[in-house]
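Engineer: Provided herewith is a single structure, encoded as structure tokens, for subsequent inquiry.
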Amino acid sequence: MNATPNGAILSAAGIHKRFGALVVLEDIDFAMGAEEAVGIVGPNGAGKTTLLSVLSGAYPPSAGTIAFKGDDVTALPATQRCRLGLVRTHQVPKPFGGMTAFENVFVAASHGAGLGRDEAYEEALGSLKLCGMLSVANRRAETLGLLDRKRLELARALAAKPTLLLLDEIGGGLTDGEAGELVETIRELRRRGIGIVWIEHIVHVLLQVAERLICMDAGKIIADGEPQAVMADPQVISAYLGGGPK
Amino acid sequence: MSAASPVIERGTAASRIAGIGVVAIVLLLALAPQFLSAGAVDRMTALFVYVILAAMWNALAGFGGLVSVGQQVFFGLGAYFAIRLANAGLDPFVALFVSAVIVGAVSWPISLFMLRLKNGEFAIGMWVIAALTHLLVNLDRLIQGETGTSLISLNVYDASTRRLTIYWLALASMIALLAILFGLLRGSTGAAIRAIRDNEDAAASVGVRVIGTKRLLFVLAAFGIGVAGALWLATAITFQPKTYFNVQWTAYMIFMVLVGGIGTFEGAILGALLFFLIETWFGGTGVWYLIGLGATALVFSLLLPRGLWGTLEERFGWRLLSVGYRVRLPTSVADPTGETISPAPATAHREKA
Numbered sequence: 001m002n003a004t005p006n007g008a009i010l011s012a013a014g015i016h017k018r019f020g021a022l023v024v025l026e027d028i029d030f031a032m033g034a035e036e037a038v039g040i041v042g043p044n045g046a047g048k049t050t051l052l053s054v055l056s057g058a059y060p061p062s063a064g065t066i067a068f069k070g071d072d073v074t075a076l077p078a079t080q081r082c083r084l085g086l087v088r089t090h091q092v093p094k095p096f097g098g099m100t101a102f103e104n105v106f107v108a109a110s111h112g113a114g115l116g117r118d119e120a121y122e123e124a125l126g127s128l129k130l131c132g133m134l135s136v137a138n139r140r141a142e143t144l145g146l147l148d149r150k151r152l153e154l155a156r157a158l159a160a161k162p163t164l165l166l167l168d169e170i171g172g173g174l175t176d177g178e179a180g181e182l183v184e185t186i187r188e189l190r191r192r193g194i195g196i197v198w199i200e201h202i203v204h205v206l207l208q209v210a211e212r213l214i215c216m217d218a219g220k221i222i223a224d225g226e227p228q229a230v231m232a233d234p235q236v237i238s239a240y241l242g243g244g245p246k
Numbered sequence: 001m002s003a004a005s006p007v008i009e010r011g012t013a014a015s016r017i018a019g020i021g022v023v024a025i026v027l028l029l030a031l032a033p034q035f036l037s038a039g040a041v042d043r044m045t046a047l048f049v050y051v052i053l054a055a056m057w058n059a060l061a062g063f064g065g066l067v068s069v070g071q072q073v074f075f076g077l078g079a080y081f082a083i084r085l086a087n088a089g090l091d092p093f094v095a096l097f098v099s100a101v102i103v104g105a106v107s108w109p110i111s112l113f114m115l116r117l118k119n120g121e122f123a124i125g126m127w128v129i130a131a132l133t134h135l136l137v138n139l140d141r142l143i144q145g146e147t148g149t150s151l152i153s154l155n156v157y158d159a160s161t162r163r164l165t166i167y168w169l170a171l172a173s174m175i176a177l178l179a180i181l182f183g184l185l186r187g188s189t190g191a192a193i194r195a196i197r198d199n200e201d202a203a204a205s206v207g208v209r210v211i212g213t214k215r216l217l218f219v220l221a222a223f224g225i226g227v228a229g230a231l232w233l234a235t236a237i238t239f240q241p242k243t244y245f246n247v248q249w250t251a252y253m254i255f256m257v258l259v260g261g262i263g264t265f266e267g268a269i270l271g272a273l274l275f276f277l278i279e280t281w282f283g284g285t286g287v288w289y290l291i292g293l294g295a296t297a298l299v300f301s302l303l304l305p306r307g308l309w310g311t312l313e314e315r316f317g318w319r320l321l322s323v324g325y326r327v328r329l330p331t332s333v334a335d336p337t338g339e340t341i342s343p344a345p346a347t348a349h350r351e352k353a
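For the record, the sequence lines run as chains V and E. For the first sequence, position 234 matches number 234 in full-length UniProt numbering, and the numbering has no gaps at all. For the second sequence, position 270 matches number 270 in full-length UniProt numbering, and the numbering has no gaps at all.
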């Protein structure tokens, strides 16, 4: 592991996740520093989203412990982890469909970040602006297209004032121009000192932000380190192209 | 951010006029008994009870996503506890409200296990709770099974005093409950309630206390419906369990809310008014009245799924008692077509539908 659990903002040790007989995560050890930007890649079904869900508290691990900011948060539900600053986005956007884009973001600012009314307004507007969504602020989220729903996921997570943001494929399906904007947005978040964990299939976009890359396959971390080295790792190449025995 | 920064608007010019209208209507209603016949006063009391029922079911289902077909349990318990308290010597009028508080208290332990259920399971589970409670109340010897009993102690007041007192109590209860609901739904808790309705997992992931918020809403709705049940007992005097624990009460709530406009504060009130008028005009026609109610509900759910107010709101942008938020952008950023344009610095070559 690169970061030691001592200096780590987020660390996970011995994480297993089983759904019945299906083992989705197997003995994951992971730690990262406060302002690090970590990319996660891996073939479909590798367990990337499950790892994110376990880290964010959407469901508990079958075994293992998770620490955030030095405290054991394994037993804390997602609500509490969010309030501590560990916030995720969803791969398939989960907007509050009957509420406007602004209201979506306002919920996160007032509950996740715990802000009073006026500060929550300001935070919500700031997040919408950063994600280029001010012009659709009054649209009900169910009327938004997929691109805007993805942006809304990001804006809503930001409004909760994360110290560490877990992003799940927010770049899928973007044009080059849109991907460029997204990279700019994420870089801005890094300038604000927000740590990033980003699952993404579009590796060239991911590598514009990530300074460290993790590759998962079949529920395990098979490579972890400097991005170019990870991409050149024979195990990683084999995981993507198939072939060799695991 | 300077003068050109966006502004959050809660009301509109129309909603400020509506606020004045509400005050005027309340004053009129408070003075109305002077000009109304005894029968009309009783009917108006019934209307207030309907408004309470509709508003509570709407808060629960329309705002909180908690669709229940067992809310008659709290209606029945509101009446039952009032009977019990009056029997124990409490002033009957005081008993009505103490009873509702007890109903709220009872709903808390019920919420502990019922709120674990989702969607249809919750809806039907509540009906089971209502049926079970009905049976338990039947076992009370004071109630004498389905024979029932009466709120006898109310008879110490003469008919006219009783009628007027109940009218004003019902009016005050309706206004107080609507004000509490409006305050709750308009605040940040209200935003959390709607977020839970739309996506519980996402709500939790942005820091909303899902179970606690649902519980608050559930208990408040139980309390409100308890008030309604107790008031109904006060007007009817007699208590027969099967009348109060009847699923028809929830059916009426659903009717009022669906026709009026689920998930809008105005809709529930409008729906209650419509239901009241239909009942007043056609209530005497027996079975045809019920068939008419059913057909109306069907037509609405097929053709106007957002109900009367929801449709008006969508088509004309009407918002009178709105709990929502509107962002008013400085004109340089606002786009009247509602299409996406980005105020972000990047690029002109965006193509987005």
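All C-beta atoms in this analysis are idealised placements derived from N, C-alpha and C, irrespective of residue type, glycine included. Predicted, not measured: the structure shown is a model, and the values here were computed from it.
Where Ile-8 (chain E) and Leu-134 (chain V) are concerned, what is the direct C-alpha to C-alpha distance, given to the nearest angstrom?
Structural biologist: For the purposes of this step, residue 8 (chain E) is identified with residue 8 of the second sequence, where counting begins at 1. For the purposes of this step, residue 134 (chain V) is identified with residue 134 of the first sequence, where counting begins at 1. Looking at the two C-alpha atoms, the distance is approximately 12 Å.
Engineer: Please check if any C-beta of chain E sits within less than 9 Å of the C-beta of Leu-189 (chain V).
Structural biologist: Within the first sequence, residue 189 (chain V) is the residue found at index 189, counting from 1. Output row for Leu-189 (chain V): interface = no.
Engineer: For Trp-57 (chain E), count neighbouring Cβ atoms within 10 angstroms of its own Cβ and tell me buried if that reaches 16, exposed if not.
Structural biologist: In the second sequence, the residue the question calls residue 57 (chain E) occupies position 57. So Trp-57 (chain E) ends up on the buried side.
Engineer: Could you tell me if Lys-118 (chain E) is buried or exposed, where buried requires 16 or more neighbouring beta carbons within 10 angstroms of its beta carbon?
Structural biologist: Numbered from its first residue, the second sequence carries residue 118 (chain E) at position 118. Per the 10 Å Cβ criterion, exposed.
Engineer: Can you give the beta carbon distance from Leu-167 (chain V) to Ile-196 (chain V), rounded, assuming they're within the 8 Å contact cut?
Structural biologist: To locate residue 167 (chain V), count along the first sequence from 1; it is residue 167. To locate residue 196 (chain V), count along the first sequence from 1; it is residue 196. Right, the Cβ-Cβ distance comes to about 7 Å (below 8 Å), so this counts as a contact.
Engineer: Among residues of its own chain, excluding the 5 on either side of Arg-209 (chain E), which ones have a beta-carbon nearer than 8 Å to its beta-carbon?
Structural biologist: The sequence position of residue 209 (chain E) within the second sequence is 209, counting from 1. These residues qualify, in order along the chain: Ala-192.
Engineer: If we call anything under 9 Å between Cβ atoms a contact, is Gly-65 (chain E) one with Ile-211 (chain E)?
Structural biologist: As a first step, residue 65 (chain E) must be located in the second sequence, where it is residue number 65. As a first step, residue 211 (chain E) must be located in the second sequence, where it is residue number 211. No, these two residues do not count as a Cβ contact at 9 Å.
Engineer: Return no unless some Cβ of chain V is closer than 9 Å to the Cβ of Ala-353 (chain E).
Structural biologist: As a first step, residue 353 (chain E) must be located in the second sequence, where it is residue number 353. Unreliable positioning characterises Ala-353 (chain E) in this predicted model, as indicated by a pLDDT of 34, which lies under 50. The coordinate reading is nonetheless provided below. For Ala-353 (chain E), the answer is yes, since a Cβ of chain V falls inside 9 Å of its Cβ.
Engineer: Could you tell me the alpha carbon to alpha carbon distance between Trp-198 (chain V) and Ala-101 (chain V), rounded to whole angstroms?
Structural biologist: Position 198 of the first sequence, counted from the start, is the residue given in the question as residue 198 (chain V). Position 101 of the first sequence, counted from the start, is the residue given in the question as residue 101 (chain V). Between Trp-198 (chain V) and Ala-101 (chain V), the alpha-carbon positions lie close to 23 Å from each other.
Engineer: CA-CA distance, Pro-305 (chain E) and Val-137 (chain E)?
Structural biologist: Locating residue 305 (chain E) in the second sequence gives position 305, counting from the first residue. Locating residue 137 (chain E) in the second sequence gives position 137, counting from the first residue. Taking the straight line from one Cα to the other gives about 37 Å.
Engineer: According to DSSP, is Met-32 (chain V) part of a helix, a strand, or is it coil?
Structural biologist: The residue you call residue 32 (chain V) lines up with position 32 of the first sequence. Looking at Met-32 (chain V) - three-state DSSP - the assignment turns out to be strand.
Engineer: Return the CA-CA distance between Thr-238 (chain E) and Phe-113 (chain E), expressed in angstroms with no decimal places.
Structural biologist: Locating residue 238 (chain E) in the second sequence gives position 238, where the first residue counts as 1. Locating residue 113 (chain E) in the second sequence gives position 113, where the first residue counts as 1. Straight through space, the alpha carbons of Phe-113 (chain E) and Thr-238 (chain E) are spaced by roughly 32 Å.
Engineer: If you drop the 5 nearest sequence neighbours on each side, which residues of the same chain put their C-beta closer than 7 Å to that of Tyr-325 (chain E)?
Structural biologist: On the second sequence, position 325 is the one that residue 325 (chain E) refers to. Excluding positions up to five away in sequence, the list reads Ile-8 and Arg-10.
Engineer: For Arg-156 (chain V), would you say it is in contact with chain E, using Cβ-to-Cβ distances shorter than 9 Å as the test?
Structural biologist: Position 156 of the first sequence, counted from the start, is the residue given in the question as residue 156 (chain V). Yes - at least one Cβ of chain E is within 9 Å of the one on Arg-156 (chain V).
Engineer: Please report the distance separating the alpha-carbon of Ala-82 (chain E) from that of Gly-183 (chain E).
Structural biologist: Here residue 82 (chain E) corresponds to residue number 82 of the second sequence, with the count starting at 1. Here residue 183 (chain E) corresponds to residue number 183 of the second sequence, with the count starting at 1. About 28 Å.
Engineer: Report yes if the CB atom of Leu-146 (chain V) is closer than 9 Å to the CB atom of Ala-157 (chain V), and no otherwise.
Structural biologist: Numbered from its first residue, the first sequence carries residue 146 (chain V) at position 146. Numbered from its first residue, the first sequence carries residue 157 (chain V) at position 157. Not a contact, by the Cβ cut-off of 9 Å.
Engineer: Can you round the beta-carbon distance between Leu-130 (chain V) and Ala-137 (chain V) to whole angstroms, since I take them to be within the 8 Å contact cut?
Structural biologist: The sequence position of residue 130 (chain V) within the first sequence is 130, counting from 1. The sequence position of residue 137 (chain V) within the first sequence is 137, counting from 1. Rounded to whole angstroms, the Cβ separation of Leu-130 (chain V) and Ala-137 (chain V) is 13 Å, and the two are not in contact under 8 Å.
Engineer: Enumerate in chain order the residues of its own chain whose CB-to-CB distance from Glu-188 (chain V) is below 7 Å, with the five nearest sequence positions on each side excluded.
Structural biologist: Counting from 1 along the first sequence, the entry for residue 188 (chain V) is found at position 188. Correct list, in chain order: Leu-130.
Engineer: Three-state secondary structure (DSSP) at Pro-227 (chain V)?
Structural biologist: In the first sequence, the residue the question calls residue 227 (chain V) occupies position 227. If DSSP states are grouped into helix, strand and coil, Pro-227 (chain V) belongs with the helices.
Engineer: Considering only the alpha carbon of each residue, which of V:Ala-160, V:Ala-75, V:Phe-106 and V:Ala-218 lies closest to Gly-112 (chain V)?
Structural biologist: Here residue 112 (chain V) is taken as the residue at index 112 of the first sequence, counted from 1. When each option's Cα is compared against that of Gly-112 (chain V), the closest is V:Ala-160.
Engineer: What's the C-alpha gap between Met-32 (chain V) and Leu-96 (chain E)?
Structural biologist: Here residue 32 (chain V) refers to the residue found at position 32 of the first sequence. Here residue 96 (chain E) refers to the residue found at position 96 of the second sequence. When rounded, the distance between both Cα atoms is 60 Å.
Engineer: What residue range is occupied by the uninterrupted beta strand (DSSP E) comprising Met-216 (chain V)?
Structural biologist: For the purposes of this step, residue 216 (chain V) is taken as residue 216 along the first sequence, with counting starting at 1. It spans 212–217 - the beta strand (DSSP E) in which Met-216 (chain V) sits, taken as one unbroken run.
Engineer: Can the beta-carbon of Ala-58 (chain V) be found less than 9 Å from the beta-carbon of Arg-88 (chain V)?
Structural biologist: Locating residue 58 (chain V) in the first sequence gives position 58, counting from the first residue. Locating residue 88 (chain V) in the first sequence gives position 88, counting from the first residue. Contact flag set, yes.
Engineer: Which class does Phe-96 (chain V) belong to by DSSP, given the choice of helix, strand or coil?
Structural biologist: Working through the first sequence from its first residue, we reach residue 96 (chain V) at position 96. Phe-96 (chain V) falls in the coil class under three-state DSSP.
Engineer: Is the distance from the Cβ of Ala-100 (chain E) to the Cβ of Val-227 (chain E) below 9 Å?
Structural biologist: Here residue 100 (chain E) is taken as the residue at index 100 of the second sequence, counted from 1. Here residue 227 (chain E) is taken as the residue at index 227 of the second sequence, counted from 1. Taking 9 Å as the Cβ cut-off, Ala-100 (chain E) and Val-227 (chain E) qualify as a contacting pair.
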